[in-house]
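In the working numbering, the protein residues as written are 6 to 318. First the structure, in the form of C-alpha coordinates, and then the observations on it.
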(Lines of atoms letter the chains of each structure in order from A and count residues from 1; the text may use other names and numbers.)
(Lines give C-alpha, C1' and ligand atoms only; values in the text may rest on other atoms or scores of the structure.)
Protein backbone atom coordinates (compact mmCIF):
# COMPACT_ATOMS: atom_id res chain seq x y z
CA UNK A 1 0.00 0.00 0.00
CA UNK A 2 2.79 2.43 0.93
CA UNK A 3 4.63 1.87 -2.35
CA UNK A 4 1.53 2.57 -4.44
CA UNK A 5 0.69 5.71 -2.46
CA UNK A 6 4.26 6.90 -3.05
CA UNK A 7 3.73 6.33 -6.78
CA UNK A 8 0.67 8.57 -6.57
CA UNK A 9 2.66 11.26 -4.75
CA UNK A 10 5.42 10.99 -7.35
CA UNK A 11 3.03 11.40 -10.27
CA UNK A 12 0.93 14.12 -8.66
CA UNK A 13 4.04 16.22 -7.90
CA UNK A 14 3.83 17.38 -11.51
CA UNK A 15 0.59 19.21 -10.70
CA UNK A 16 0.59 22.91 -9.96
CA UNK A 17 1.24 23.66 -6.28
CA UNK A 18 -2.42 24.47 -5.64
CA UNK A 19 -3.66 21.14 -7.03
CA UNK A 20 -0.81 19.14 -5.54
CA UNK A 21 -1.53 20.43 -2.03
CA UNK A 22 -5.14 19.32 -2.44
CA UNK A 23 -4.42 15.73 -3.48
CA UNK A 24 -1.40 15.27 -1.21
CA UNK A 25 -3.69 15.37 1.83
CA UNK A 26 -5.77 12.43 0.60
CA UNK A 27 -5.49 9.16 2.59
CA UNK A 28 -2.83 6.68 1.47
CA UNK A 29 -5.44 3.93 1.12
CA UNK A 30 -7.13 5.94 -1.61
CA UNK A 31 -3.91 7.07 -3.27
CA UNK A 32 -2.93 3.42 -3.70
CA UNK A 33 -6.09 2.79 -5.76
CA UNK A 34 -6.02 5.86 -8.03
CA UNK A 35 -5.23 5.01 -11.64
CA UNK A 36 -5.53 8.42 -13.31
CA UNK A 37 -5.50 12.10 -12.39
CA UNK A 38 -7.46 14.21 -14.87
CA UNK A 39 -6.88 17.96 -15.10
CA UNK A 40 -9.17 19.95 -17.42
CA UNK A 41 -9.16 23.72 -17.86
CA UNK A 42 -12.02 25.34 -15.93
CA UNK A 43 -13.33 21.88 -14.96
CA UNK A 44 -13.26 19.90 -11.68
CA UNK A 45 -10.09 17.98 -10.80
CA UNK A 46 -10.99 14.28 -11.20
CA UNK A 47 -9.49 11.01 -10.01
CA UNK A 48 -10.20 7.67 -11.69
CA UNK A 49 -10.53 4.78 -9.23
CA UNK A 50 -11.63 1.59 -10.96
CA UNK A 51 -14.85 2.46 -12.77
CA UNK A 52 -15.54 5.40 -10.46
CA UNK A 53 -14.71 9.07 -10.94
CA UNK A 54 -14.12 11.03 -7.75
CA UNK A 55 -13.77 14.77 -7.24
CA UNK A 56 -11.79 16.74 -4.67
CA UNK A 57 -13.58 19.62 -2.98
CA UNK A 58 -12.13 22.75 -1.39
CA UNK A 59 -11.96 21.01 2.01
CA UNK A 60 -9.77 18.24 0.49
CA UNK A 61 -12.46 15.59 0.80
CA UNK A 62 -13.75 13.31 -1.97
CA UNK A 63 -17.15 13.00 -3.54
CA UNK A 64 -18.80 11.42 -6.58
CA UNK A 65 -20.61 14.74 -7.01
CA UNK A 66 -18.63 17.32 -8.97
CA UNK A 67 -20.50 20.26 -7.44
CA UNK A 68 -18.39 22.35 -5.05
CA UNK A 69 -15.28 20.51 -6.22
CA UNK A 70 -11.86 22.04 -6.85
CA UNK A 71 -11.69 23.53 -10.36
CA UNK A 72 -8.47 23.61 -12.36
CA UNK A 73 -7.62 26.92 -13.97
CA UNK A 74 -5.80 27.49 -17.23
CA UNK A 75 -2.84 28.61 -15.13
CA UNK A 76 -2.91 25.20 -13.41
CA UNK A 77 -2.85 23.52 -16.83
CA UNK A 78 0.10 25.58 -18.07
CA UNK A 79 2.12 25.04 -14.90
CA UNK A 80 1.37 21.31 -14.79
CA UNK A 81 2.31 20.90 -18.44
CA UNK A 82 5.60 22.74 -17.88
CA UNK A 83 6.34 20.53 -14.87
CA UNK A 84 5.61 17.37 -16.87
CA UNK A 85 8.03 18.49 -19.57
CA UNK A 86 10.64 19.58 -16.98
CA UNK A 87 10.37 23.08 -18.45
CA UNK A 88 11.70 21.84 -21.79
CA UNK A 89 8.63 21.50 -24.01
CA UNK A 90 10.73 21.58 -27.18
CA UNK A 91 12.66 18.43 -26.20
CA UNK A 92 9.34 16.55 -25.91
CA UNK A 93 7.87 17.68 -29.24
CA UNK A 94 8.05 14.24 -30.83
CA UNK A 95 5.99 12.77 -27.98
CA UNK A 96 3.63 15.74 -27.79
CA UNK A 97 2.62 15.47 -31.44
CA UNK A 98 1.62 11.86 -30.71
CA UNK A 99 -0.57 13.00 -27.84
CA UNK A 100 1.43 12.06 -24.75
CA UNK A 101 4.51 12.69 -22.64
CA UNK A 102 6.16 10.04 -20.46
CA UNK A 103 7.49 11.36 -17.17
CA UNK A 104 10.81 10.29 -15.65
CA UNK A 105 9.38 7.37 -13.68
CA UNK A 106 7.15 5.97 -16.39
CA UNK A 107 3.95 7.87 -15.63
CA UNK A 108 2.29 8.59 -18.97
CA UNK A 109 0.42 11.85 -19.54
CA UNK A 110 -2.22 12.13 -22.23
CA UNK A 111 -2.51 15.57 -23.82
CA UNK A 112 -5.55 17.30 -25.33
CA UNK A 113 -5.44 20.59 -27.16
CA UNK A 114 -5.46 22.11 -30.63
CA UNK A 115 -3.50 20.18 -33.26
CA UNK A 116 -0.93 22.08 -35.32
CA UNK A 117 -0.67 20.45 -38.75
CA UNK A 118 1.95 20.86 -41.47
CA UNK A 119 1.25 19.33 -44.89
CA UNK A 120 -1.61 17.33 -43.41
CA UNK A 121 0.42 15.79 -40.56
CA UNK A 122 0.20 16.76 -36.89
CA UNK A 123 3.41 18.54 -35.95
CA UNK A 124 2.55 19.74 -32.45
CA UNK A 125 -0.27 20.54 -30.04
CA UNK A 126 -1.01 24.05 -28.77
CA UNK A 127 -3.51 25.56 -26.33
CA UNK A 128 -3.41 22.55 -24.01
CA UNK A 129 -6.88 22.10 -22.51
CA UNK A 130 -6.62 18.88 -20.52
CA UNK A 131 -4.06 16.44 -19.14
CA UNK A 132 -4.55 12.85 -18.03
CA UNK A 133 -1.81 11.52 -15.75
CA UNK A 134 -1.83 7.70 -15.80
CA UNK A 135 0.00 6.40 -12.74
CA UNK A 136 2.56 3.71 -13.55
CA UNK A 137 2.25 0.78 -11.17
CA UNK A 138 5.30 -1.25 -10.26
CA UNK A 139 3.92 -4.17 -8.28
CA UNK A 140 6.47 -6.87 -7.36
CA UNK A 141 5.27 -10.36 -8.32
CA UNK A 142 2.33 -9.02 -10.34
CA UNK A 143 3.10 -11.69 -12.95
CA UNK A 144 3.42 -14.57 -10.48
CA UNK A 145 -0.07 -15.97 -11.16
CA UNK A 146 0.44 -15.64 -14.91
CA UNK A 147 3.76 -17.51 -14.89
CA UNK A 148 2.31 -20.24 -12.73
CA UNK A 149 -0.64 -20.78 -15.05
CA UNK A 150 1.22 -20.37 -18.35
CA UNK A 151 4.28 -22.43 -17.43
CA UNK A 152 7.03 -22.31 -20.05
CA UNK A 153 7.03 -19.19 -22.17
CA UNK A 154 8.41 -20.97 -25.21
CA UNK A 155 6.09 -20.25 -28.12
CA UNK A 156 5.12 -16.66 -27.29
CA UNK A 157 2.58 -14.98 -25.02
CA UNK A 158 -0.06 -12.37 -25.84
CA UNK A 159 -1.67 -10.47 -22.93
CA UNK A 160 -5.09 -9.03 -23.78
CA UNK A 161 -7.05 -6.50 -21.75
CA UNK A 162 -8.83 -3.19 -21.61
CA UNK A 163 -7.09 0.06 -20.53
CA UNK A 164 -6.09 0.02 -16.84
CA UNK A 165 -6.58 -3.76 -16.56
CA UNK A 166 -2.92 -4.25 -15.59
CA UNK A 167 -1.27 -5.23 -18.89
CA UNK A 168 1.75 -2.94 -18.53
CA UNK A 169 2.11 -3.69 -14.81
CA UNK A 170 2.26 -7.43 -15.49
CA UNK A 171 4.61 -6.97 -18.44
CA UNK A 172 6.99 -4.89 -16.30
CA UNK A 173 7.17 -7.56 -13.59
CA UNK A 174 7.40 -10.34 -16.17
CA UNK A 175 10.55 -8.76 -17.61
CA UNK A 176 12.08 -8.71 -14.12
CA UNK A 177 11.17 -12.30 -13.26
CA UNK A 178 12.20 -14.06 -16.47
CA UNK A 179 15.43 -12.08 -16.86
CA UNK A 180 16.42 -12.99 -13.28
CA UNK A 181 15.10 -16.55 -13.45
CA UNK A 182 12.57 -16.17 -10.62
CA UNK A 183 10.49 -19.39 -10.58
CA UNK A 184 11.69 -20.10 -14.12
CA UNK A 185 14.94 -20.44 -16.00
CA UNK A 186 16.89 -17.27 -16.76
CA UNK A 187 16.02 -15.97 -20.22
CA UNK A 188 18.03 -13.41 -22.17
CA UNK A 189 15.37 -10.72 -22.34
CA UNK A 190 15.09 -7.59 -24.47
CA UNK A 191 12.46 -4.95 -23.71
CA UNK A 192 11.36 -2.61 -26.50
CA UNK A 193 10.13 0.40 -24.53
CA UNK A 194 8.79 2.82 -27.12
CA UNK A 195 7.23 5.29 -24.68
CA UNK A 196 9.46 4.66 -21.63
CA UNK A 197 6.40 3.36 -19.76
CA UNK A 198 7.84 -0.02 -18.89
CA UNK A 199 11.26 1.03 -17.65
CA UNK A 200 10.80 4.70 -16.79
CA UNK A 201 14.26 5.25 -18.25
CA UNK A 202 15.74 8.65 -17.49
CA UNK A 203 19.26 9.66 -18.57
CA UNK A 204 19.99 6.03 -19.44
CA UNK A 205 18.95 4.62 -16.06
CA UNK A 206 15.81 2.51 -15.63
CA UNK A 207 13.75 3.84 -12.72
CA UNK A 208 11.65 0.65 -12.65
CA UNK A 209 13.10 -2.76 -11.84
CA UNK A 210 13.27 -4.81 -15.03
CA UNK A 211 15.89 -7.19 -13.67
CA UNK A 212 18.65 -8.03 -16.17
CA UNK A 213 16.62 -7.13 -19.25
CA UNK A 214 18.27 -5.13 -22.03
CA UNK A 215 16.15 -2.02 -22.61
CA UNK A 216 15.74 -0.44 -26.03
CA UNK A 217 14.25 2.88 -24.94
CA UNK A 218 12.46 5.15 -27.41
CA UNK A 219 12.63 2.67 -30.29
CA UNK A 220 9.50 1.90 -32.27
CA UNK A 221 8.36 -1.68 -31.74
CA UNK A 222 9.45 -2.72 -35.23
CA UNK A 223 12.86 -1.03 -35.04
CA UNK A 224 13.46 -2.23 -31.49
CA UNK A 225 12.65 -5.85 -32.30
CA UNK A 226 14.98 -5.82 -35.30
CA UNK A 227 17.74 -4.12 -33.31
CA UNK A 228 17.44 -6.73 -30.56
CA UNK A 229 17.60 -9.57 -33.09
CA UNK A 230 20.71 -8.10 -34.73
CA UNK A 231 22.71 -7.30 -31.61
CA UNK A 232 21.41 -8.87 -28.39
CA UNK A 233 20.66 -12.54 -29.22
CA UNK A 234 17.53 -12.53 -27.06
CA UNK A 235 15.48 -15.54 -26.08
CA UNK A 236 12.47 -13.34 -25.28
CA UNK A 237 11.44 -9.93 -26.60
CA UNK A 238 8.89 -7.93 -24.61
CA UNK A 239 6.89 -5.02 -26.01
CA UNK A 240 3.70 -3.19 -25.04
CA UNK A 241 0.65 -2.32 -27.18
CA UNK A 242 1.49 -4.15 -30.38
CA UNK A 243 -0.55 -3.89 -33.56
CA UNK A 244 0.93 -1.87 -36.46
CA UNK A 245 1.65 -3.67 -39.73
CA UNK A 246 5.37 -2.96 -39.30
CA UNK A 247 5.17 -4.68 -35.90
CA UNK A 248 3.79 -7.83 -37.55
CA UNK A 249 6.71 -8.03 -39.97
CA UNK A 250 9.26 -7.64 -37.17
CA UNK A 251 7.46 -10.27 -35.08
CA UNK A 252 7.68 -12.73 -37.96
CA UNK A 253 11.42 -12.08 -38.12
CA UNK A 254 11.61 -12.81 -34.41
CA UNK A 255 9.75 -16.11 -34.84
CA UNK A 256 12.16 -17.16 -37.57
CA UNK A 257 15.03 -16.45 -35.16
CA UNK A 258 13.46 -18.69 -32.52
CA UNK A 259 12.59 -15.86 -30.13
CA UNK A 260 9.57 -15.92 -27.80
CA UNK A 261 7.53 -12.74 -28.30
CA UNK A 262 5.72 -11.43 -25.20
CA UNK A 263 3.35 -8.58 -26.00
CA UNK A 264 0.09 -6.85 -25.07
CA UNK A 265 -2.88 -5.64 -27.08
CA UNK A 266 -6.13 -3.80 -26.27
CA UNK A 267 -9.32 -5.88 -26.37
CA UNK A 268 -11.98 -6.89 -23.88
CA UNK A 269 -12.07 -10.58 -24.81
CA UNK A 270 -10.93 -13.13 -27.38
CA UNK A 271 -13.97 -12.55 -29.60
CA UNK A 272 -13.26 -8.82 -29.79
CA UNK A 273 -9.59 -9.53 -30.50
CA UNK A 274 -10.49 -11.68 -33.51
CA UNK A 275 -13.03 -9.13 -34.74
CA UNK A 276 -10.26 -6.59 -35.33
CA UNK A 277 -7.99 -6.73 -38.33
CA UNK A 278 -4.88 -6.16 -36.24
CA UNK A 279 -5.93 -8.91 -33.84
CA UNK A 280 -6.48 -11.42 -36.60
CA UNK A 281 -3.18 -10.46 -38.23
CA UNK A 282 -1.34 -10.84 -34.93
CA UNK A 283 -2.78 -14.31 -34.31
CA UNK A 284 -2.02 -15.16 -37.94
CA UNK A 285 1.70 -14.65 -37.44
CA UNK A 286 1.77 -17.84 -35.36
CA UNK A 287 3.90 -16.01 -32.80
CA UNK A 288 1.72 -16.79 -29.80
CA UNK A 289 1.17 -20.16 -28.22
CA UNK A 290 -0.75 -18.72 -25.27
CA UNK A 291 -3.25 -15.88 -24.95
CA UNK A 292 -4.11 -14.50 -21.52
CA UNK A 293 -7.28 -12.40 -21.14
CA UNK A 294 -7.22 -10.02 -18.18
CA UNK A 295 -10.21 -9.05 -16.08
CA UNK A 296 -11.65 -5.53 -15.78
CA UNK A 297 -9.98 -2.43 -14.37
CA UNK A 298 -11.76 -3.20 -11.10
CA UNK A 299 -9.67 -6.39 -10.78
CA UNK A 300 -6.32 -5.13 -12.01
CA UNK A 301 -3.94 -7.88 -13.12
CA UNK A 302 -6.40 -10.75 -12.57
CA UNK A 303 -6.57 -13.45 -15.23
CA UNK A 304 -10.07 -14.06 -16.62
CA UNK A 305 -9.22 -16.63 -19.29
CA UNK A 306 -6.23 -18.53 -20.65
CA UNK A 307 -6.29 -19.83 -24.23
CA UNK A 308 -3.81 -22.25 -25.83
CA UNK A 309 -3.48 -21.89 -29.58
CA UNK A 310 -2.67 -24.64 -32.01
CA UNK A 311 -0.32 -23.99 -34.88
CA UNK A 312 1.95 -21.58 -33.00
CA UNK A 313 5.50 -21.66 -34.32
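Idealized CB from N, CA, C, for every residue including glycine.
- For the pair residue 79 and residue 19, the CB atoms are not nearer than the 9 Å cut-off.
- By the Cβ-count criterion, residue 32 is exposed, with fewer than 16 other Cβ atoms from all chains shown falling within 10 Å of its own Cβ.
- For residue 117, DSSP records a beta bridge to 135.
- For residue 83, the number of other beta carbons within 10 angstroms of its own is below 16, and it is reported as exposed.
- Counting only runs of 3+ residues, the beta strand (DSSP E) found wholly inside the segment 186-228 occupies 194-198 and 219-222, in chain order.
- Residue environment for residue 191: exposed (fewer than 16 other C-beta atoms within 10 angstroms of its C-beta).
- With 16 or more other Cβ atoms inside 10 Å of its own Cβ, residue 112 counts as buried.
- Scanning the segment 37-98 for uninterrupted beta strand (DSSP E) segments of 3 residues or longer gives 41-45, 51-54 and 57-61, listed from N- to C-terminal end.
- Look at residue 147 here: in three-state DSSP terms it is coil, with no helix or strand label.
- By the beta-carbon neighbour count (other beta carbons within 10 angstroms, threshold 16), residue 93 is exposed.
- Scanning 47, 278 and 37 for the CA closest to the CA of residue 167 turns up 278.
- According to DSSP, residue pairing for residue 18 in a beta bridge does not occur.
- Setting aside the 5 residues that flank it on each side, residue 65 is surrounded in the same chain by 27 and 30, each with a C-beta closer than 6 Å to its C-beta; the list follows chain order.
- In this structure, the CA atom of residue 71 is about 25 Å from the CA atom of residue 301.
- Taking C-beta atoms as the reference points, residue 265 and residue 242 count as a pair closer than 9 Å.
- Here residue 309 has 298, 299 and 300 as same chain residues with Cβ atoms under 7 Å from its own Cβ, once five neighbours each way along the sequence are excluded.
- Between residue 53 and the set 133, 261, 170 and 102, the nearest pair of CA atoms involves 170.
- When DSSP states are grouped into helix, strand and coil, residue 238 belongs to the coil group.
- Under the DSSP assignment, residue 158 falls outside any beta strand (DSSP E); it carries neither an H nor an E label.
- For residue 174, DSSP assigns no beta-bridge partner whatsoever.
- Residue 290 sits close to residue 260, with the two beta carbons spaced by under 9 Å.
- As the crow flies, the alpha-carbon of residue 153 is around 44 Å from that of residue 134.
- Per DSSP, the beta bridge partners of residue 298 are 165 and 310.
- Counting of Cβ neighbours within 10 angstroms places residue 103 among the exposed residues, the total staying below 16.
- Of the candidates 293, 46, 42 and 86, the residue whose Cα lies closest to the Cα of residue 17 is 42.
- For residue 270, the enclosing beta strand (DSSP E) begins and ends at 265-271.
- Its chain contains 144, 145, 146, 147 and 148 as the residues whose beta carbon lies nearer than 7 Å to that of residue 178, once the 5 sequence neighbours on both sides are disregarded; these appear in chain order.
- For residue 106, the enclosing beta strand (DSSP E) covers residues 105-107.
- In this structure, the alpha-carbon of residue 139 lies about 33 Å from that of residue 236.
- Taking the C-beta atoms as reference points, residue 181 is found no nearer than 9 Å to residue 238.
- By a beta-carbon distance limit of 8 Å, residue 196 does not contact residue 163. Their separation comes to about 16 Å.
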